[in-house]
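First residue of the sequence shown? That's 54 in my numbering, and the numbers climb one at a time after it.
Quick reminder that beta carbons are idealized off the backbone N, C-alpha and C, glycines included.
Quantities reported herein were computed from a predicted structural model and do not represent experimental measurements.
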Amino acid sequence: MASIVYEMETLQVFRENSVVTVTINQPAKKNAINAQMWDGLAEIFREIASRADDRVVVVTGAGDDFCSGADLSGRGGSGAASSGAAQNQVHHLAAMRRVNDACIALQRLPQPTIAKVRGVAVGAGCNLALGCDLVVASQTARFSEIFARRGLSLDFGGSWLLPRRIGMHRAKELALLAEIVGASDALEMGLINRVLPEGEVDAFVENWARKLAAGPPIALAQTKRLLNNSLNVTLEEALDDEAAAQTINFATSDTAEAMRAFIEKREPKFTGR
54 MASIVYEMET
64 LQVFRENSVV
74 TVTINQPAKK
84 NAINAQMWDG
94 LAEIFREIAS
104 RADDRVVVVT
114 GAGDDFCSGA
124 DLSGRGGSGA
134 ASSGAAQNQV
144 HHLAAMRRVN
154 DACIALQRLP
164 QPTIAKVRGV
174 AVGAGCNLAL
184 GCDLVVASQT
194 ARFSEIFARR
204 GLSLDFGGSW
214 LLPRRIGMHR
224 AKELALLAEI
234 VGASDALEMG
244 LINRVLPEGE
254 VDAFVENWAR
264 KLAAGPPIAL
274 AQTKRLLNNS
284 LNVTLEEALD
294 DEAAAQTINF
304 ATSDTAEAMR
314 AFIEKREPKF
324 TGR
């Protein structure tokens with residue numbers, strides 16, 4: 054059953070068959086994200102994390118683009134006009150906390166996440182995509198850590214995400230040169246998982262989301278956590294974490310169902326219990 058359960062002018066959440074699609078809906082600005090939208094994304098991600106019926110999260114943008122990053126309109130400039138506008142703005146550090154809250158809420162999601170990318174994914178929008186577990190892009194997609202061109206350094210977790218995705222030297226290349234990377238080059242670098250013709254992206258993401266939604270939620274959440282923590286622990290610690298996770302899995306009805314299904318030569322039906 055499909056339903057729209059959360060909607061504001063610039064953010065939409067749509068649920069169908071345990072798949073939650075979060076759409077950034079500001080196409081006139083290439084889906085740039087303002088302060089209220091950062092707050093909204095953090096709220097949405099936290100709410101999804103607490104819902105057992107939500108098995109997969111797809112993040113995408115409305116129209117022809119994924120996200121052009123933070124909406125910086127009203128910032129910068131010089132003279133009295135900009136000084137007056139600045140009086141109505143929060144301090145930059147406070148504004149960045151809102152960005153960080155959204156990033157942390159995304160990373161804390163126990164459910165698998167898929168970024169569906171068309172058009173531009175730049176700046177914080179690039180790192181929003183890379184912050185998802187899987188990234189599927191159309192041939193029109195373009196990625197950039199564009200911050201240096203704006204006199205800025207990385208944010209929305211880019212300094213943490215990039216080395217983990219593509220290694221330190223490639224990360225520095227993208228961050229310091231701030232070049233635009235096409236979808237095929239992004240795939241070759243290991244930034245993303247798949248590149249598809251424009252007309253095939255929706256069906257491909259839907260298929261992946263359906264497969265993930267049919268999987269064992271507890272086991273998938275633990276696998277995701279183990280992989281996310283893998284660069285921060287020793288082998289011995291990783292093995293201990295794996296043993297603890299398997300102990301939890303063996304206590305679930307899902308693991309028992311998987312064993313029965315294997316013996317009975319059928320597909321298992323996981324309930325998340």
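* Counting Cβ pairs, one atom from each stretch, are 3 or more of them under 8 Å apart for the stretch 249-256 and the stretch 78-96? -> no
* Find out if the Cβ-Cβ distance for the pair D107, I101 is shorter than 9 Å. => yes
* Alpha carbon of V112 to alpha carbon of V66, nearest angstrom -> 9 Å
* Asked: Between R161 and the rest of its own chain, which residues show a CB-CB distance below 7 Å, the 5 nearest in sequence each way excluded?
  -> A102
* To do: State yes or no: is the C-beta of G122 within less than 9 Å of the C-beta of G210?
  => no
* Asked: Can M90 and I77 be called in contact, C-beta distance under 9 Å?
  -> yes
* Contact between the stretch 184-201 and the stretch 220-234 (3+ Cβ pairs under 8 Å) -> yes
* Neighbourhood of A105 by C-beta, 8 Å cutoff - its chain only, sequence neighbours within 5 removed -> P270, G325
* To do: Using beta-carbon positions only, say whether A148 and T193 come within less than 9 Å of one another.
  => no
* Asked: How many Å lie between R319 and L229 at the Cα?
  -> 51 Å
* Limits of the beta strand (DSSP E) - the one that K169 falls within -> 166-170
* Asked: Relative to the C-alpha of R171, which residue among L159, I97, V254 is closest?
  -> V254
* Among Q275, L279, L280, which has the Cα closest to the Cα of T305? -> Q275
* **Inter-residue spacing [alpha-carbon to alpha-carbon] between V234 and L240** => 10 Å
* From D154, T166, E295, residue whose alpha carbon lies closest to that of L265 -> T166
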